[in-house]
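When you line the sequence shown up against this note's numbering, it's residues -19 to 508, in that order.
We put the beta carbon where it would ideally sit given N, CA and C, even for glycine.
Right, one structure below, let's go through it.
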Amino acid sequence: MYEALWYNQSAAPFLFARHVTIPVMDGNPSITSLEYTMIKTSLAEFDKMAKSFPLVPVAAEILGDLDTPVTTFLKTTRGRYRFLLESVESETQRGRYSIIGDTPFLIFKAKGRTITIENKVQNSSCTIHDNPLHVLQNIIKKYTVQKSGDTPFYTNGFFGYLGYDAVRHIEDLPNESVDDVDLPDIHMFIPQKIIVFDSYKHTINIIFYAHCSGDVVKTFAKATKKLKDIVSVIRDHSAPNPKGTYAMSKDRIESNLSRNDYEGMVTEAKKHIRRGDAFQIVLSQRLKVPTDVPAFQIYRGLRVVNPSPYMFFMDLDGVELLGSSPETLVKLQDNIVTVKPIAGTRKRGATPEEDRQNIQELLADPKERAEHTMLVDLGRNDVGRIAKYGSVKVDDLMVTEKYSHVIHIVSTVSGELASDMDVMDVFKACFPAGTLTGAPKVKAMEIIERLEPTKRAIYGGAVGYMTFGGDMDVCIAIRTIFKKNGIAYLQAGAGIVADSVPEHEYLETLNKANGLLRAVEYAEGGLI
């Protein structure tokens, strides 16, 4: 499905390209000598890169067949900025790569037009007032380097989220709903430390990005020591095992809307549709669950309850974000732009035969087909805005994909990036996803702003990364929880069309939220 969802060989040639390695002693090397030869970057290479780049990577590779991304994340990450990205490519296969990052070099936060940029290495910060997407775009351009196996620096970039309200820097929308959770609209950081698991080769690649502003030899020595220290922590096989049970929260779930209020929203949306204002409007409700359970425990539960193509956990200055999104917002790799609209859902059957029957029923449903076709057209339009003329194509149309609990109709639209466009142009053309707004996008968003009582915050936004090499992979922030001040927030929506039944749409939002609630309950029970 996704060859390398979060981290792939073509996007990280330095992990596999030519490197100078210290020779192993004759005979069978001991474990100690093997560890000694793990550094993949020579001083000469480091010195060459330090003349051109402000952050210079030093890489190491070790055997990883006794380790897991979860245990390594728990053992090696500290502080208030860290992440773990994983993927499940199908119901029987995990994605090849998992990536861990922490130790921020640069932190980027934006609320409205107020932007805070913090350089942790130089211990400096500044606050400016501007369009944050333009500022982020300029920072990425500043660090961009030529794609080459000899210049691996480009593989780093910004990791984090761009919330739904980032669209206000793209479109002029009304501002009527209440901001009751007070999160940054955009919160991303550049990590200095990255650990990449390759489940195919059973290796772990560790990269530390050194800030070289003085003595190259000393900086290189410090960076290699950091790598060896990280390896020592990974090699300590007294794995952490967080334990504990917590108060069950099922009876403390609250929504930002009553059932009557949500169904009333659906009725109002249908009036807009009948007037011709929109074809579809996606309306959501947000649930909140007070819980003492650590957010990473909830993530561990979510990995079991609802494995998906995009699995992520992020700690961003005390706000913890975790999710299992099935849907790509947009992917840009090697100048190819790809979107994968998902619309149309059935539950998994208890047997393969029931699965086949559900798929036939799903593909034969005229309402599901019409809605999906509309969103494919929307995807073609989005990609067409930043692709070379004539390059946009539908690679897959209305194929079904099986996930842990549901079957979706999925299509794939792609195009070749125009020469005058970059990663941020691609993001702005495709954000937010039509599957989370409706169509036409702008009009649907205007109606959402007037009908939904609170800001969407992260829901409907984007989670992932933008690299200095011009690549990007961001998923839609659905099937996502963020935890702040002891409260877990989760949100789910339903696509409203002319013949929608309000009661059914309300229940659909609860069904979509159920997997997240089960993950919270599973974690509160001690993951047993």
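Next item on the list: Would you kindly report the start and end of the unbroken beta strand (DSSP E) that includes Val481?
Entry: It is not in any beta strand (DSSP E) - Val481 carries neither H nor E in the DSSP assignment.
Check: DSSP three-state call for Thr417: helix, strand or coil?
Finding: Residue state, collapsed to three classes: coil.
Note to self: Can you look up Thr17 in the DSSP assignment and give me helix, strand or coil?
What the structure shows: For Thr17, the predicted model reports a pLDDT of 43, less than 50, meaning its position is unreliable and no value from the coordinates is stated.
Margin query: Going by C-alpha to C-alpha distance, which of Ser480, Gly495, Leu416, Ser22 sits closest to Thr199?
Written below: Distances from the alpha-carbon of Thr199 to those of Ser480, Gly495, Leu416, Ser22 put Ser22 closest.
Item checked: Assumed close pair Arg436, Ser264 - CB separation to whole angstroms, cut-off 8 Å -> For Arg436 against Ser264, the beta-carbon gap comes to about 7 Å, under 8 Å, which counts as contact.
Check: What does a CB cutoff of less than 6 Å around Ala499 pick up in its chain, not counting 5 residues either side in sequence?
Finding: Ile278, Gly281, Leu282, Val285, listed in sequence order.
Notebook entry, point to check: With a CB to CB cut of under 7 Å and the five nearest residues on each side skipped, what residues in its chain are close to Pro9?
Noted result: Reliability fails at Pro9, whose pLDDT of 38 lies under 50, so the model's placement of it is uncertain and the value that follows must be treated cautiously. So the list is empty, once near-sequence residues are dropped.
Item checked: Cα-Cα separation between Glu15 and Ala203, rounded to whole angstroms -> Low per-residue confidence applies at Glu15: pLDDT is 44, beneath 50, and the placement is therefore not dependable, though the value from the model is reported in the following sentence. Distance from the CA atom of Glu15 to the CA atom of Ala203, rounded to whole angstroms, is 16 Å.
Notebook entry, point to check: Can you round the beta-carbon distance between Lys89 and His167 to whole angstroms, since I take them to be within the 8 Å contact cut?
Noted result: For a cut-off of 8 Å, the C-beta gap from Lys89 to His167 is around 5 Å, short enough to register as a contact.
Next item on the list: With a 10 Å radius around its C-beta and 16 neighbouring C-beta atoms as the bar for buried, classify Gln102 as buried or exposed.
Entry: When all chains shown are included, Gln102 counts as exposed.
Notebook entry, point to check: Which word fits Leu46, buried or exposed, when buried means at least 16 other C-beta atoms lie within 10 angstroms of its C-beta?
Noted result: Residue burial is scored here from C-beta neighbours: Leu46 has fewer than 16 other C-beta atoms within 10 angstroms and is therefore classed as exposed.
Next item on the list: Please say whether Ile438 and Tyr141 have beta carbons closer to each other than 7 Å?
Entry: Using a Cβ distance threshold of 7 Å, Tyr141 and Ile438 count as a contacting pair.
Notebook entry, point to check: Tyr486 to Ile476, Cα distance in whole Å?
Noted result: Answer to the nearest angstrom: the Cα atoms are 10 Å apart.
Next item on the list: Let me know if Glu504 comes out buried or exposed under the rule of 16 or more other beta-carbons within 10 Å of its beta-carbon.
Entry: Under this definition Glu504 is a buried residue.
Check: What residues match up with Asn99 in a beta bridge as DSSP calls it?
Finding: DSSP lists Leu86, Ser104 as partners of Asn99.
Next item on the list: For Ala424, count neighbouring C-beta atoms within 10 Å of its own C-beta (all shown protein chains included) and say buried if the count is 16 or more, exposed if not.
Entry: Flag for Ala424 reads buried.
Check: Count the other CB atoms within 10 Å of the CB of Ile108; is the residue buried (16 or more) or exposed (fewer)?
Finding: Exposed is the call here.
Note to self: Quick check on the DSSP output: the alpha helix (DSSP H) that includes Asp335 runs from which residue to which?
What the structure shows: Taken as a continuous stretch (DSSP letters only), the alpha helix (DSSP H) holding Asp335 covers 332 to 344.
Margin query: Taking 8 Å as the cut-off, does the segment 315 to 331 touch the segment 384 to 404 (at least 3 CB pairs, one atom from each stretch)?
Written below: Output reads yes: the segment 315 to 331 touches the segment 384 to 404.
Next item on the list: At 3 residues or longer, and completely inside the segment 260 to 345: list those beta strand (DSSP E) runs for me, N to C.
Entry: You should have 260 to 270, 290 to 296, 299 to 305, 308 to 313, 316 to 319, 322 to 327.
Notebook entry, point to check: Quick one, which of Ile19, Pro222, Asp27, Leu470 has its alpha-carbon nearest Pro270's?
Noted result: By alpha-carbon distance to Pro270, the top candidate from Ile19, Pro222, Asp27, Leu470 is Leu470.
Margin query: Am I right that Ile87 and Glu98 are in contact with their C-beta atoms under 8 Å? What's the rounded C-beta distance?
Written below: Their Cβ separation, rounded to whole angstroms, is 4 Å, which keeps Ile87 and Glu98 in contact under 8 Å.
Check: Residues bridged to Ser394 by DSSP?
Finding: Ser394 pairs with Thr318, Lys373.
Check: Roughly how many angstroms lie between the CA atoms of Arg326 and Ala344, to the nearest whole one?
Finding: Arg326 and Ala344: Cα-Cα distance of roughly 12 Å.
Notebook entry, point to check: Roughly how many angstroms separate the alpha carbons of Leu296 and Ile253, rounded to a whole number?
Noted result: Near 39 Å, if we compare the C-alpha coordinates of Ile253 and Leu296.
Margin query: I'd like the span of the alpha helix (DSSP H) that includes Met29, first residue to last.
Written below: Annotation for Met29: the continuous alpha helix (DSSP H) segment containing it runs 23 to 30.
Margin query: When you compare the CB positions of Arg459 and Ser304, do they come within less than 7 Å of one another, or not?
Written below: Judged by beta-carbon spacing, Ser304 lies within the 7 Å limit of Arg459, meaning their Cβ atoms are closer than that value.
Margin query: With three or more C-beta pairs closer than 8 Å as the rule, is the segment 408 to 424 touching the segment 376 to 396?
Written below: When C-beta atoms of the segment 376 to 396 are compared with those of the segment 408 to 424, fewer than three pairs fall below 8 Å, so the two segments do not count as touching.
Item checked: Exposed unless 16 or more other CB atoms sit within 10 angstroms - verdict on Ala457 -> Burial call: buried.
Check: With Thr417 and Asn136 assumed to form a contact (beta carbons below 8 Å), what rounded beta-carbon distance in angstroms separates them?
Finding: Going by Cβ atoms, the distance from Thr417 to Asn136 rounds to 31 Å, so no, they are not a contact pair.
Next item on the list: Round the Cβ separation of Ser384 and Pro287 to the nearest angstrom and send it over; I've been treating them as touching at under 8 Å.
Entry: Confirmed, about 5 Å.
Item checked: Between the CA atoms of Glu300 and Ser412 - distance to the nearest angstrom -> It is worth fixing the name first, because residue 412 is Pro in this sequence and not Ser. Taking the straight line joining both Cα atoms gives about 22 Å.
Notebook entry, point to check: Distance, Cα to Cα, Gln340 vs Leu65?
Noted result: Each residue's alpha carbon lies about 34 Å from the other.
Margin query: Report the start-end ranges of each beta strand (DSSP E) in the segment 118 to 200 that is 3 residues or longer and not cut off at the edges.
Written below: Complete beta strand (DSSP E) runs here, min 3: 137 to 142, 166 to 178, 183 to 191.
Check: Cβ of Leu153 within 7 Å of Cβ of Glu429?
Finding: When the beta-carbon positions are compared, Leu153 and Glu429 come within less than 7 Å of each other.
Note to self: Mapping the DSSP letters down to three states, classify Pro112 as helix, strand or coil.
What the structure shows: Taken through DSSP and simplified to helix, strand or coil, Pro112 comes out as helix.
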